[in-house]
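Each remark here refers to the structure printed beneath this line.
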Amino acid sequence: MTNTQFPAYSISISGSLSWQLHALNNEGNEGNQSLTRRYYIIQKGMNEPESVNGVSGDMLKHIQAEHLHRIAIESGLNLSEGGKQFNPDRIGYDIDKNIGIFTEKDTDLTTKTAKVIQRCSISDLEGFMVTEKKGQTLKRESVIEFGAVVGLPTLVKTQSYFHAKYGTDNPTPYNVQVSSGLYATVLNIEAFRIGYNPHNFNYSIDTVERKKRLDALLKSVLYTYLQPNGAKRNTNLPHPDHFEGVITVSTRRCPAPMISALEASYNRQIHSLANTLNNLNGADTILCFDFENIAEFAAQIETLIERAQPWESDNAEAVE
Amino acid sequence: MPKRLNKSHTTQQELPVNAKQWLTVTYQPVSLFSLKRSDATSMAARSNLVPTPYAIKMALLKVLLESQGGQHQSDLDQWIKSQFIWIRDLSIHIWPPEKLVVNRNGYKLRYYDQTADKADKSRSTLPMQDGFVFREWVYMQGHLQICCGPSDRLTQLEQLFSLINYFGKRGCFFQYLPQYSQQTLDLLFQHNSTIGFTVQPMDDLGEKTTFSRINPYSTDKAQLDKDRVIKPGFLPVQLTSSSARYDIYQRY
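These protein sequences, in sequence, are chains A and B.
Residue 620 is where the first sequence starts when you use the numbering used here, and the numbers rise one by one after that.
Residue -16 is where the second sequence starts when you use the numbering used here, and the numbers rise one by one after that.
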């Protein structure tokens, strides 16, 4: 493969990820016992469900958004006040506080959405929704989506550990569930929607700005897997020690294929799907970037940052 | 009505011998699936077991607008009106995967107190309520098949299905499998409901609804039972085991 650039319509990651000793996502408490998130799944040829530890996609999205916030500030991307403060309402905070986003002339959704996209990278990439009584709802769907992270049966172990809090009065005993093992993770980035205004079918920011946002997004995805900042990490910092899988990129209008690592043959299936889609839609419609460990994953993200350009029109072709 | 019968007979004859009227597409579930029932009033509520015709048609409209809307900017209203009609009129049948596990997960939510007036800008903070809710996530084992028609636009329909990668809540990914697509003269699968079935309310677009009614950006309002109709759907699955945390369904 040569080092030429290619347009990225959609980017998917399917992989199996190893996290050791984490309590990233909890479902509440029973007495002094914290309970971890669990999913029941059923595998081919099995009749009994298997209970596995998991982390919700919402949690991963939050971790990723936190990294993106720091990257956006560091790289000087446009941010609204809400965006700068990492306010959960993002641009909604500015609108609520009347921080001069819209003028009286801005009445239609096309203009309003364009202004939001130009003003706030985080609102553009992570989505937002502002509802108004009697008014039209201003909203945007996130460019990045995470599936739930599900443990591989027999390869994930959850145990309960005893701790005690010593205050000035009473020591309080409590138990925390901590998990280790191999997890299946999937995510999808709709790169073509970065800066895209669905009301006029055009982009509200230029290609240079779109590329900056794509790079920031890719970097935040890398950091999400390097440093998963979920719950209880002050005392149960997760150890990410392995990540293998495949990043797929589609260069034409076609979703980048993904299969969960809960399927043992997921990697082979993705490559086979990529071949089929390349036969159907033209050579190099789907590009696959395999990785065997975290270092290779980081190197592949670096490759994407160097070579992937945000996709723009139906005429865009792969230039391999 | 002899005249009408005659007309439909002529149309049948004009079709080429190998005319295909139904399209069946296959998806591999990638992630956990969740789609709140459309008649739910609670924040969490139960999930549908499979995507409903309404969710599928909305997914089709989304990819249609994204992929072709830009080429019709000058005649957008006219174009989407005609496209909407053929998508609205599709009859959609769903063949669930072999096994389904419905997970009931607990979530701790903090949400705005709905009884307090949010419009009161003089308040420095908005009152929040603590809540603990259940949300259902469905793990699917096997392929999900969708058969829809009758239509003479199967090529376009297949193209649109190939662009979809999630149904229901965002992040509920499904991988389209191009090699399994089939065009047939008749509906590909028909469940014999005398064996047994599970009822799931299936919401669909109303027969006479318009694009502007279901467009969330439009000021036209959709009415339940007119623009969005909820009919009982009979799924060929049976509940094989159940507990406080999960239900397992198996296809007949």
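Note that the Cβ used here is the ideal one computed from N, Cα and C, for glycine as well.
These figures come from a predicted structure and were not determined experimentally.
DSSP beta-bridge partners of residue i
i	result
residue 647 (chain A)	A:654
residue 155 (chain B)	In the DSSP output, where bridge partners are listed per residue, residue 155 (chain B) has none listed.
residue 784 (chain A)	A:791
residue 185 (chain B)	B:214
residue 927 (chain A)	A:625
residue 123 (chain B)	B:83
residue 764 (chain A)	A:807
residue 230 (chain B)	B:85 and B:225
residue 776 (chain A)	A:799
residue 666 (chain A)	Residue 666 (chain A) is not bridged to any residue.
residue 117 (chain B)	B:89
residue 748 (chain A)	A:758
residue 220 (chain B)	B:234
residue 149 (chain B)	B:156
residue 16 (chain B)	B:121
Contact set between residue i and chain A, taken where Cβ atoms lie within less than 7 Å
i	result
residue 79 (chain B)	Per Cβ cutoff of 7 Å: no residues; residue 79 (chain B) is ~13 Å from chain A at best.
residue 228 (chain B)	659
residue 198 (chain B)	Those do not exist, as residue 198 (chain B) stays about 11 Å from chain A at its closest Cβ, beyond 7 Å.
residue 162 (chain B)	895
residue 231 (chain B)	661 and 668
N-terminal and C-terminal residue of the alpha helix (DSSP H) that residue i is part of
i	result
residue 798 (chain A)	Here residue 798 (chain A) belongs to no alpha helix (DSSP H); instead the beta strand (DSSP E) covers 790 to 808.
residue 139 (chain B)	137 to 145
residue 736 (chain A)	728 to 738
residue 37 (chain B)	36 to 51
residue 196 (chain B)	194 to 197
residue 840 (chain A)	826 to 845
residue 67 (chain B)	59 to 71
residue 703 (chain A)	700 to 703
residue 887 (chain A)	885 to 900
residue 725 (chain A)	Where residue 725 (chain A) is concerned, there is no enclosing alpha helix (DSSP H), given that its DSSP letter is neither H nor E.
residue 711 (chain A)	710 to 715
Whole-angstrom C-beta distance between residue j and residue i, which should lie under 8 Å
i	j	result
residue 231 (chain B)	residue 84 (chain B)	5 Å
residue 757 (chain A)	residue 726 (chain A)	12 Å between Cβ atoms; not a contact.
residue 803 (chain A)	residue 769 (chain A)	5 Å
residue 212 (chain B)	residue 179 (chain B)	Wrong, their Cβ atoms sit about 25 Å apart, outside the cutoff.
residue 696 (chain A)	residue 740 (chain A)	4 Å
residue 70 (chain B)	residue 48 (chain B)	Not a contact, Cβ separation roughly 11 Å.
residue 143 (chain B)	residue 46 (chain B)	5 Å
residue 813 (chain A)	residue 743 (chain A)	7 Å
residue 798 (chain A)	residue 776 (chain A)	7 Å
residue 861 (chain A)	residue 637 (chain A)	4 Å
residue 893 (chain A)	residue 905 (chain A)	4 Å
Within-9 Å CB hit, residue i to chain D
i	result
residue 681 (chain A)	Note that chain D does not occur in the displayed structure, where the protein chains are A and B.
Listed by chain order, chain B residues near residue i by CB distance under 9 Å
i	result
residue 647 (chain A)	89, 90, 91 and 115
First and last residue of the uninterrupted beta strand (DSSP E) at residue i
i	result
residue 867 (chain A)	858 to 869
residue 634 (chain A)	629 to 641
residue 77 (chain B)	74 to 78
residue 673 (chain A)	669 to 674
residue 12 (chain B)	5 to 12
residue 166 (chain B)	165 to 167
residue 206 (chain B)	Note, residue 206 (chain B): premise wrong, no beta strand (DSSP E); not H, not E.
residue 908 (chain A)	905 to 910
Beta-carbon neighbours of residue i, restricted to chain A and to distances below 9 Å
i	result
residue 173 (chain B)	Simply none; closest approach about 26 Å.
Residues that residue i contacts on chain B, provided the C-beta gap is smaller than 8 Å
i	result
residue 923 (chain A)	Going along chain B, no residue has its Cβ under 8 Å from residue 923 (chain A), so there is no contact; the nearest lies around 19 Å.
residue 662 (chain A)	124
residue 872 (chain A)	50 and 146
residue 728 (chain A)	200
Proximal residues of chain B, C-beta to C-beta of residue i below 7 Å
i	result
residue 805 (chain A)	13, 14 and 156
residue 862 (chain A)	Ordered by position in chain B, no residue passes the 7 Å Cβ test against residue 862 (chain A), which lies about 18 Å from the chain.
residue 820 (chain A)	52, 53 and 56
residue 656 (chain A)	88
Proximal residues of chain A, C-beta to C-beta of residue i below 8 Å
i	result
residue 82 (chain B)	661
residue 120 (chain B)	658 and 767
- prompt: Looking at chain B, which residues of the segment 874 to 886 of chain A have a Cβ within less than 7 Å of any of its Cβ atoms?
  reply: 874, 876, 877, 878 and 879
message: Can you pull out the residues from the segment 685 to 703 of chain A whose beta carbon lies closer than 8 Å to at least one beta carbon of chain B?
response: none
query: Just by C-beta distance, which residues in the segment 746 to 772 of chain A are closer than 9 Å to chain B?
result: 746, 752, 755, 756, 758, 760, 761, 764, 765, 766, 767 and 769
Selection of the segment 41 to 58 of chain B by Cβ proximity to chain A, strictly under 8 Å: 48, 49, 50, 52, 53 and 56
field: Under 8 Å (Cβ pairs) to chain A, residues found in the segment 138 to 157 of chain B
entry: 145, 146, 147, 148, 149, 153, 154, 155 and 156
message: Please identify, using Cβ separations under 8 Å, the residues of the segment 894 to 910 of chain A that lie next to chain B, in order along the chain.
response: 895, 896 and 899
- prompt: What residues in the segment 662 to 678 of chain A have a beta carbon less than 9 Å from any beta carbon of chain B?
  reply: 662, 663, 665, 666, 667, 668, 670, 673, 675, 676 and 677
- request: Mind checking the segment 829 to 859 of chain A against chain B and listing, in chain order, the residues whose C-beta falls within less than 8 Å of any C-beta there?
  value: none
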